[in-house]
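Trainee: Residue numbers (this note's numbering): 55 to 576. Using N, Cα and C, we set each Cβ at its ideal position, and we do this for glycine too.
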Amino acid sequence: MCIDPRLLVETLDDPALVIDARGAVRCKNEPLARLLAGPGAPMLPLSPEGDRVLLPPAPAAVDLAWLQALLSGESDRGESDLPGEGSGAPRWALRGLSCTIGGGRGALLRFIDLDERRAREHQRRCVQVIETMQLGCAFLSLETPADDRSLRYVYMNPASARLATRPMAEIIGRTVDESAPSLRQLGIPQLLADLIRSGRSAEDELVLPPEAGSRVITTWSFPVGDRGLAVIYDDITERRATEESLERARILLDGIIENLPLMLFVKEEAELRYVRVNKRFEEFHGHAREDLIGKRIADYLPQEVADKLDAESRAVLAGGVPVEIPELRVPSARFGERICHSRWIPMKDSKGKGCYLLGLGEDITERKKIEDAKRHEAILLETQRRLLDLIQELSTPSIPIHPGILVVPLIGQMDSSRGAQLMESLVGAIERHHAEFVIIDITGVTSVDTAVANHLLQATRAAALLGAECSVVGASPGIARTVIDLGLDLGNLTTHRDLEAGFRHALARKGYVIAPRAARRA
């Protein structure tokens, strides 16, 4: 292409020059002149006079074979780094583009400041990070150092607009008081202005007023330059609500665990070390919580007992289902050997693998003693009841002495209880033996009164209802006098002198006759 070299290099901001095919400098711009004249000039591949470029095979500080190829027409462009001072990274790069100079081949050469390029690239990356990050980022400028009302927004990233729920155009360029007047009530403009003046950084958590959304914001503020301040912030309203909800749940759970009327422990799976115990567990074992957490059961119980409990714990974890142990004998440093009713529950992670063992236990030693005592008492009461039944049965026995004939001997003092028992026993014996005659023998009765007479009469009436005839035998003279003295009415009750007379009467009623043996032979 045809080009005016002087016009071309003058339009460039980078140091630049134009050379012809022999490497002679045809023109150079002002930035290059300043670069060559300034201190710390780079090691440029120019002649000492600066009027030509040192082309191969002339010695040079950098390989310019690409430039020779460019001037010979083998290529259109090329580039190489220029060595820096010592062993440091290159500061400059030389870039060339072929062109036509006075009808012949030439090249436009530009010297690129690599440090500036790196700075621009770093700045570009920083801007990209700020623009894409989820945290809000805002830059503010304090236009008048003594007036915090001059604090103005100069930049906000897209996340800031989302957190502010307002377009950036309504905030950028306005002061803090103009965009959010309620922040002054919280002292925000004053705080930010003080940070700029003092050069300090700060981290704060703010609760915005209702007109600003009633949100919780955490901020990190640090000064930028003389009058600038960068503020990075995050809306943690939902996170804080979640944390507060979790904290309330933790307090509630801790309160339930600590006040359970049961012993509670949690062991981790790997080494069965305690990670949680409650107050009742501490009291039972007589050890403080800090002496239990992180310890194994073998650290405070006999090894034999610890090995047994550890084996059972691993079996529960391996089985993966809760196990109930009705009676587990556990030694207590405070109470000695105790009996516990326990329930062990394996707790699984999201993959279904056991991670912890939850144990719930109740000391039932005293209850067990009470239950054993009640059981023993029940056995004694049952034995006593059977003994009393036997005694009552023996006190009013019903003895069959002949088919259809019963003898009921009474011994001792008669009272209401024995009278009722007499009637019950008599009725049962009549039904059981199909008795026709009942002989009530009162030879062993010490005294008779109105109540005894009534019991006898009631018994005979009951027997009569079942078709049996009753008679009373064995009344002593004393009893006979008592009956007369009391004027007792024995009604139609049949009486006989003794058991033999009563038995003869019963036999006679059944049609039997008792005769001497000689008479029977005749």
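#1: Would you mind stating whether LEU283 and LEU189 have Cβ atoms separated by less than 9 Å?
#2: To the nearest angstrom, how far is it from the Cα of LEU371 to the Cα of LEU411?
#3: Going by C-alpha to C-alpha distance, which of ILE533, ARG535 and ILE455 sits closest to GLU554?
#4: Determine the direct distance from the alpha carbon of VAL181 to that of VAL72, and round the result to whole angstroms.
#5: Could you say if the region 469-487 and the region 506-522 meet the contact criterion of at least three C-beta pairs nearer than 8 Å?
#6: Determine the closest residue to ILE310 out of ASN332, ALA324 and VAL320, with distance taken between C-alpha atoms.
#7: Do ARG251 and GLY227 count as a contact pair if the criterion is CB distance below 9 Å?
#8: What does the Cβ neighbour count give for MET55, buried or exposed, with the cut at 16 atoms within 10 Å?
#9: Are the CB atoms of VAL107 and LYS82 nearer to each other than 9 Å?
#10: Expressed to the nearest angstrom, what Euclidean distance is found between the alpha-carbon atoms of ALA70 and ASN211?
#11: Nearest to LEU540 by alpha carbon, out of ARG304, VAL526, LEU125 and SER501?
#12: Can you give me the start and stop residues for the alpha helix (DSSP H) that ILE242 sits inside?
#13: What did DSSP end up calling GLU523 once you bin it into helix, strand or coil?
#14: Rounding to the nearest angstrom, what Cα-Cα distance links GLU232 and SER204 in this structure?
#15: Is DSSP giving ALA147 helix, strand or coil here?
#16: Once you ignore the five residues that flank LEU151 on each side, which residues in its own chain have a CB closer than 6 Å to its CB?
#17: Evaluate GLU490 with the Cβ neighbour count: other Cβ atoms within 10 Å of its Cβ, from every protein chain shown; 16 or more gives buried, anything less gives exposed.
#18: Where LEU547 and VAL526 are concerned, what is the direct C-alpha to C-alpha distance, given to the nearest angstrom?
#19: Would you identify the three-state DSSP class for ARG327, choosing helix, strand or coil?
#20: Between which two residues does the alpha helix (DSSP H) holding GLU175 run?
#21: Taking buried to mean at least 16 other C-beta atoms within 10 Å of its own C-beta, is ASP495 buried or exposed?
#22: Nearest by alpha-carbon distance to ARG149: which of LEU245, ILE155 and PRO99 is it?
#23: Answer yes or no: does any C-beta atom of chain B fall closer than 9 Å to that of LEU125?
#24: Classify ARG334 as buried or exposed, calling it buried when 16 or more other Cβ atoms lie within 10 Å of its own Cβ.
#25: Using only the alpha-carbon positions, how far apart do LEU61 and ARG80 sit?
#26: Between the Cα of GLY413 and the Cα atoms of ARG558, LEU316, GLY473 and ARG429, which residue gives the shortest distance?
#27: Secondary structure at MET55, three-state DSSP: helix, strand or coil?
#28: Hey, quick one: how far does the alpha helix (DSSP H) through ASP364 stretch, first residue to last?
#29: I'd like to check one pair, ASP68 with PRO85: are the Cβ atoms closer than 9 Å?
#30: Taking the alpha carbon of VAL270 as the reference point, which residue from PHE276, GLY279 and THR291 has its own alpha carbon closest?
#31: Just to confirm, is the Cβ distance from ILE286 to SER275 under 9 Å?
#32: LEU90 and GLY104 - do their beta-carbons sit closer together than 9 Å?
#33: Report the rounded CA-to-CA distance for ARG558 versus ALA507, giving the unit in angstroms.
#34: Rank ARG164, LEU262, ALA529 and PRO457 by C-alpha distance to the C-alpha of LEU464 and give the top, closest one.
#35: Just the C-alpha distance for LYS362 and GLY348, rounded to the nearest angstrom, thanks.
Mentor: Per the coordinate set shown:
#1: The residue labelled residue 283 in the question sits at position 229 within the sequence shown. The residue labelled residue 189 in the question sits at position 135 within the sequence shown. No. Outside cutoff.
#2: Locating residue 371 in the sequence shown gives position 317, counting from the first residue. Locating residue 411 in the sequence shown gives position 357, counting from the first residue. Roughly 7 Å between the two C-alpha positions.
#3: Position 500 of the sequence shown, counted from the start, is the residue given in the question as residue 554. The residue with the shortest Cα to Cα distance from GLU554 is ILE455.
#4: If you number the sequence shown from 1, residue 72 lands on position 18. If you number the sequence shown from 1, residue 181 lands on position 127. Taking the straight line joining both Cα atoms gives about 36 Å.
#5: yes
#6: Translated into the one-based positions of the sequence shown, residue 310 becomes position 256. Looking at the Cα atoms, ASN332 is the closest of the given residues.
#7: One-based indexing of the sequence shown puts residue 227 at position 173. One-based indexing of the sequence shown puts residue 251 at position 197. Cβ atoms of GLY227 and ARG251: not closer than 9 Å.
#8: Here residue 55 refers to the residue found at position 1 when the sequence shown is read from its first residue. Only weak support is given to the placement of MET55: the predicted model assigns it a pLDDT of 49, under 50, and the question is left unresolved by the model.
#9: Residue numbering aside, residue 107 sits at position 53 when the sequence shown is read from its first letter. Residue numbering aside, residue 82 sits at position 28 when the sequence shown is read from its first letter. Their beta carbons are not under 9 Å apart, which means VAL107 does not touch LYS82 by this criterion.
#10: As a position in the sequence shown, residue 70 is number 16, starting the count at 1. As a position in the sequence shown, residue 211 is number 157, starting the count at 1. When rounded, the distance between both Cα atoms is 37 Å.
#11: Counting from 1 along the sequence shown, the entry for residue 540 is found at position 486. Selected option, being the one with the closest Cα: SER501.
#12: Here residue 242 corresponds to residue number 188 of the sequence shown, with the count starting at 1. First-last of the alpha helix (DSSP H) with ILE242: 242-252.
#13: By one-based count along the sequence shown, residue 523 stands at place 469. Note: GLU523 maps to strand in three-state DSSP.
#14: Taking the first residue of the sequence shown as 1, we reach residue 232 at position 178. Taking the first residue of the sequence shown as 1, we reach residue 204 at position 150. Those two C-alpha atoms are separated by around 10 Å.
#15: The count along the sequence shown starts at 1 and reaches residue 147 at position 93. The answer is strand: DSSP assigns ALA147 an E or B state.
#16: Walking along the sequence shown from the start, residue 151 turns up at place 97. The residues are ARG131 and LEU162.
#17: The count along the sequence shown starts at 1 and reaches residue 490 at position 436. GLU490 is buried by the Cβ-count criterion.
#18: Here residue 547 corresponds to residue number 493 of the sequence shown, with the count starting at 1. Here residue 526 corresponds to residue number 472 of the sequence shown, with the count starting at 1. Near 7 Å, if we compare the C-alpha coordinates of VAL526 and LEU547.
#19: Taking the first residue of the sequence shown as position 1, residue 327 is located at position 273. The answer is coil: DSSP assigns ARG327 none of H, G, I, E or B.
#20: For the purposes of this step, residue 175 is identified with residue 121 of the sequence shown, where counting begins at 1. Here the alpha helix (DSSP H) through GLU175 covers 168-186.
#21: In the sequence shown, counting from the first residue as 1, residue 495 sits at position 441. The residue in question, ASP495, is buried, as its Cβ has 16 or more Cβ neighbours within 10 Å.
#22: Numbered from its first residue, the sequence shown carries residue 149 at position 95. Checking every option, the nearest Cα to that of ARG149 belongs to PRO99.
#23: Here there is only one protein chain, and chain B is not present.
#24: In the sequence shown, counting from the first residue as 1, residue 334 sits at position 280. ARG334 is buried by the Cβ-count criterion.
#25: Looking up residue 61 in the sequence shown gives position 7. Looking up residue 80 in the sequence shown gives position 26. Those two C-alpha atoms are separated by around 12 Å.
#26: On the sequence shown, residue 413 is found 359 positions in, with the first residue counted as 1. Here the closest residue by C-alpha is LEU316.
#27: For this step, residue 55 is matched to residue 1 along the sequence shown. Bear in mind that the predicted position of MET55 carries a pLDDT of just 49, short of 50, making it unreliable; the figure below should be weighed with that in mind. MET55 falls in the coil class under three-state DSSP.
#28: On the sequence shown, residue 364 is found 310 positions in, with the first residue counted as 1. 357-373 is the span of the alpha helix (DSSP H), which, as asked, contains ASP364.
#29: Counted from its first residue, the sequence shown places residue 85 at position 31. Counted from its first residue, the sequence shown places residue 68 at position 14. Going by C-beta atoms, PRO85 is nearer than 9 Å to ASP68.
#30: Position 216 of the sequence shown, counted from the first residue, corresponds to residue 270. Answer by Cα proximity: THR291.
#31: Along the sequence shown, read from residue 1 onward, the residue named residue 286 stands at position 232. Along the sequence shown, read from residue 1 onward, the residue named residue 275 stands at position 221. In this structure, SER275 lies closer than 9 Å to ILE286 by Cβ.
#32: For the purposes of this step, residue 104 is taken as residue 50 along the sequence shown, with counting starting at 1. For the purposes of this step, residue 90 is taken as residue 36 along the sequence shown, with counting starting at 1. Cβ atoms of GLY104 and LEU90: closer than 9 Å.
#33: Locating residue 558 in the sequence shown gives position 504, counting from the first residue. Locating residue 507 in the sequence shown gives position 453, counting from the first residue. Their Cα atoms are separated by approximately 24 Å.
#34: Counting from 1 along the sequence shown, the entry for residue 464 is found at position 410. Cα-wise, what sits closest to LEU464 is ALA529.
#35: Taking the sequence shown and counting its residues from 1, the one referred to as residue 362 is at position 308. Taking the sequence shown and counting its residues from 1, the one referred to as residue 348 is at position 294. About 19 Å.
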